[in-house]
Amino acid sequence: MRIAIDTQTILGQKSGFGFYVKNLVENLNKIDPENEYILIAPDTDKDFSTPQRFIWDQFRFPKRARKAKVDILHQPCFSAPILYRGKIIVTIHDIISIKFPENLPLASRLFYSKWMPFSYRKADMIIVDSEHTKKDIVEYLNIAPEKIRVMYWAVSHDFRPIFDLQQVEDVKKKYNTGEKYFIHVGTLEPRKNLPFLVRVYASAVKEGIKENLVIVGKKGWYYDDLFSLVGKLELSSKVIFTGYAEDKDIPALYSGATALTFPSLYEGFGFPPLEAMACGTPVISSNTSSLPEVVGEAGMLLPPHGSKGWTDAMVKLSSDVNLCKELSEKGLEQASKFSWEETAKKTVEVYKEVFNAK
Numbered sequence: 005m006r007i008a009i010d011t012q013t014i015l016g017q018k019s020g021f022g023f024y025v026k027n028l029v030e031n032l033n034k035i036d037p038e039n040e041y042i043l044i045a046p047d048t049d050k051d052f053s054t055p056q057r058f059i060w061d062q063f064r065f066p067k068r069a070r071k072a073k074v075d076i077l078h079q080p081c082f083s084a085p086i087l088y089r090g091k092i093i094v095t096i097h098d099i100i101s102i103k104f105p106e107n108l109p110l111a112s113r114l115f116y117s118k119w120m121p122f123s124y125r126k127a128d129m130i131i132v133d134s135e136h137t138k139k140d141i142v143e144y145l146n147i148a149p150e151k152i153r154v155m156y157w158a159v160s161h162d163f164r165p166i167f168d169l170q171q172v173e174d175v176k177k178k179y180n181t182g183e184k185y186f187i188h189v190g191t192l193e194p195r196k197n198l199p200f201l202v203r204v205y206a207s208a209v210k211e212g213i214k215e216n217l218v219i220v221g222k223k224g225w226y227y228d229d230l231f232s233l234v235g236k237l238e239l240s241s242k243v244i245f246t247g248y249a250e251d252k253d254i255p256a257l258y259s260g261a262t263a264l265t266f267p268s269l270y271e272g273f274g275f276p277p278l279e280a281m282a283c284g285t286p287v288i289s290s291n292t293s294s295l296p297e298v299v300g301e302a303g304m305l306l307p308p309h310g311s312k313g314w315t316d317a318m319v320k321l322s323s324d325v326n327l328c329k330e331l332s333e334k335g336l337e338q339a340s341k342f343s344w345e346e347t348a349k350k351t352v353e354v355y356k357e358v359f360n361a362k
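Written as structure tokens, this is what we have:
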């Protein structure tokens with residue numbers, strides 16, 4: 005088989021989509037020498053605007069796929085090309101734009117919450133990252149469950165405990181984290197529930213914790229209110245916004261943290277909790293959407309609106325070395341259950357299924 009894969013999200017500053025595509029492609033090449041993978045990317049590494057993404061998805065990517073004479077077109081992140089006459093597989097990571105449309109500008113809202121779901125009906129098969137995402141797609145998009153295949157994502161082998169204390173200290177200095185800190189990793193956007201996290205952290209500081217709160221991630225949208233809240237609570241010296249951090253530094257940032265604090269309202273999969281567990285970092289996570297599937301019993305799962313529970317958890321982990329050690333060990337065990345190699349094998353099975361279908 006010749007399979008075309010859109011690799012636009014690998015370019016530039018990667019988000020969860022980009023990490024998925026990068027690791028999938030690397031492992032497909034590793035475990036499947038039989039088939040040929042044609043990686044198709046734009047000529048620029050700048051982030052696409054919504055109109056540019058539409059043009060790429062619908063015209064330029066399928067045009068290049070046709071020219072390459074592929075058997076299957078795999079769109080791993082965005083909309084299926086509705087005029088393409090060959091076999092199509094789409095990966096759907098979540099339906100955030102449908103459940104939280106108010107968080108998007110108008111053009112993005114129309115593309116993500118209207119056009120993309122419409123285009124999915126063109127797909128021969130749909131790959132999703134959790135049972136929760138499958139349930140959402142069946143419920144909200146009215147797509148038959150028989151057309152959906154579930155396979156969990158994983159994290160790269162770069163995510164592991166960093167025992168080199170000098171490396172951890174160097175990264176702390178680079179990002180001005182302070183000696184002790186709780187960490188959050190992810191784009192600054194409303195569904196990440198960061199104002200809630202800042203308020204919870206403020207309460208924990210009043211109860212005596214010494215850690216800073218380090219928020220790692222690029223600016224998304226509607227983040228000005230978050231910065232204003234930090235100033236209003238007089239936490240500007242203790243809440244550290246690093247901006248986008250280099251991929252190579254993230255494992256050390258996790259390894260140096262007391263715990264990951266992740267109160268997200270919705271995740272199709274949720275990479276940061278898995279990354280943190282793979283680094284041996286305790287996890288406090290919300291108990292919504294797919295996160296219980298990822299964290300299992302290896303972290304502290306809490307409702308994303310119950311502030312006292314979160315404050316208590318942060319205070320407890322700040323002082324209880326034994327609990328931190330227990331969660332670290334459980335997290336490492338839980339993270340070991342997720343494998344990109346296994347994801348790649350299951351993806352090849354989907355390719356074969358679609359290729360052989362009449």
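Here my numbering is used: the first residue of the sequence shown is 5, the next is one more, and so on. Where a beta carbon is used, it is the ideal one built from N, C-alpha and C, also for glycine. What you are looking at is a predicted structure, and each value in this text was computed from that prediction instead of being measured.
Item to complete: Tell me whether F167 is buried or exposed, calling it buried when 16 or more other Cβ atoms sit within 10 Å of its Cβ.
Response: Flag for F167 reads exposed.
Item to complete: Report all residues from its chain with a CB closer than 8 Å to the CB of F58; omit the five preceding and five following residues, and keep chain order.
Response: Short of 8 Å from the beta carbon of F58, and not among the five residues preceding or following it, lie these beta carbons of its own chain, in chain order: S83, F115 and W119.
Practice prompt. Determine the DSSP secondary structure at H188, reduced to helix, strand or coil.
Written response: Of the three classes helix, strand and coil, the one that applies to H188 here is strand, per DSSP.
Worksheet item: What are the complete beta strand (DSSP E) segments, minimum 3 residues, inside the segment 79-112?
Response: Here the runs fully enclosed are 91-96.
Worksheet item: Rounded to a whole number of angstroms, what is the C-alpha to C-alpha distance between A256 and K34?
Response: Straight-line Cα distance between these residues: approximately 27 Å.
Worksheet item: Near I93, what residues of its chain come up, given a Cβ to Cβ distance below 8 Å and the 5 sequence neighbours on each side ignored?
Response: Within its own chain, the residues whose Cβ lies closer than 8 Å to the Cβ of I93, once the five positions on either side in sequence are excluded, are I76, L77, H78, Q79, A127, D128, M129, I130, I131, V354, Y355 and V358, listed in chain order.
Worksheet item: From this set, L305, L87 and S259, which residue's C-alpha is nearest P66's C-alpha?
Response: It is L87.
Worksheet item: Mind checking whether G310 and I288 have CB atoms under 8 Å apart?
Response: Cβ distance not < 8 Å, so G310 and I288 don't count as in contact.
Worksheet item: Short check: CB of N146 to CB of Y185, under 8 Å?
Response: No, the Cβ-Cβ distance between N146 and Y185 is not below 8 Å.
Worksheet item: Is it right to say G22 is buried, meaning 16 or more other beta carbons lie within 10 angstroms of its own, or is it exposed?
Response: Counting every other CB atom within 10 Å of its CB across the protein chains shown gives G22 a total of 16 or more, marking it as buried.
Item to complete: Please name the residue, chosen from M318, T13 and D47, that lies closest to A206 on a Cα-to-Cα basis.
Response: Distance check between A206 and each of M318, T13 and D47 places M318 closest, using alpha-carbon atoms only.
Item to complete: Return the CA-CA distance between E250 and K177, expressed in angstroms with no decimal places.
Response: Spanning the two alpha carbons is a distance of roughly 14 Å.
Worksheet item: In the structure shown, what three-state DSSP assignment does N39 receive?
Response: Assignment of N39 by DSSP, reduced to helix, strand and coil, places it in the coil class.
Worksheet item: Counting along the chain, where does the alpha helix (DSSP H) carrying N326 start and finish?
Response: Under the DSSP assignment, N326 falls in the alpha helix (DSSP H) whose first and last residues are V325 to A339.
Fill in: Selected residue, minimal CA-CA separation from Y248, among V220, G224 and L169
That would be V220, whose Cα lies nearest to the Cα of Y248.
Worksheet item: Quick one: what does DSSP say F21 is sitting in, helix, strand or coil?
Response: Shown here, F21 sits in a helix according to DSSP, grouped into three states.
Worksheet entry | Ranges of the alpha helix (DSSP H) found wholly within the segment 243-297, counting only runs of at least 4 | Segments of the alpha helix (DSSP H) lying fully in the segment 243-297: 254-259 and 275-282.
Discussion item. Can you tell me which residues form a DSSP beta bridge with D10?
Written reply: For D10, which the question treats as bridged, DSSP gives the partners I44.
Discussion item. So, with DSSP's three-state summary, where would you put R164?
Written reply: In this structure, R164 counts as coil in the three-state DSSP scheme.
Practice prompt. Give a yes or no on whether the minimum CB-CB distance between S289 and chain D is below 8 Å.
Written response: Going by chain labels, chain D is absent from the structure shown, which holds only one protein chain.
Worksheet entry | Straight-line gap, M155 to T351 (C-alpha atoms, nearest Å) | About 8 Å.
Fill in: M129 - DSSP class collapsed to helix/strand/coil
The answer is strand: DSSP assigns M129 an E or B state.
Discussion item. Distance check for L264 and I152, CA to CA, integer angstroms please.
Written reply: L264 has its alpha-carbon roughly 32 Å from the corresponding atom of I152.
Worksheet item: CA-CA distance, L305 and E271?
Response: C-alpha separation (whole angstroms): 14 Å.
Fill in: Other residues of its chain near P286: CB distance less than 8 Å, five sequence neighbours each side excluded
Closer than 8 Å at Cβ, skipping near neighbours: T262, A263, L264, A280, G303, M304, L321, L327, C328, L331, S332 and G335.
Worksheet item: When you compare only the Cα positions, how much space is there between A282 and E345?
Response: The alpha-carbon atoms of A282 and E345 are separated by roughly 16 Å.
Discussion item. Looking only at its chain, what residues have a beta carbon closer than 8 Å to the beta carbon of L295, apart from the 5 residues adjacent to it on each side?
Written reply: So the list reads F266, S268, E271, G274, P277, S289 and L305, once near-sequence residues are dropped.
Worksheet item: What residues are listed by DSSP as bridge partners for R153?
Response: Residue pairing of R153 in beta bridges, as defined by DSSP: I131.
Worksheet item: Between R89, C81 and Q62, which lies nearest to K73 when the distance is taken from Cα to Cα?
Response: Out of R89, C81 and Q62, R89 has the C-alpha closest to the C-alpha of K73.
Discussion item. To the nearest angstrom, how far is the alpha carbon of D162 from that of K252?
Written reply: Approximately 8 Å between the Cα atoms of the pair.
Worksheet item: For N360, does the count of other Cβ atoms within 10 angstroms reach 16, so buried, or fall short, so exposed?
Response: Looking at its Cβ environment, which holds fewer than 16 other Cβ atoms inside 10 Å, N360 is exposed.
Discussion item. Excluding the 5 residues flanking A69 on each side, which residues of the same chain have their C-beta closer than 6 Å to its C-beta?
Written reply: Cβ neighbours of A69 beyond the five flanking positions: A8 and L77.
Practice prompt. Can you say whether K242 is buried or exposed, counting buried as having 16 or more other CB atoms within 10 angstroms of its CB?
Written response: So K242 ends up on the buried side.
Worksheet item: Can you tell which of D316, V29, T11 and Q62 has the C-alpha that lies nearest to the C-alpha of G212?
Response: Cα-wise, what sits closest to G212 is D316.
Item to complete: Can you have a look at S293 and say buried or exposed, based on whether 16 or more other CB atoms are within 10 angstroms of its CB?
Response: Buried, since its Cβ has 16 or more Cβ neighbours within 10 Å.
Worksheet item: Near P105, what residues of its chain come up, given a Cβ to Cβ distance below 7 Å and the 5 sequence neighbours on each side ignored?
Response: Only R113 and S117 meet the Cβ criterion.
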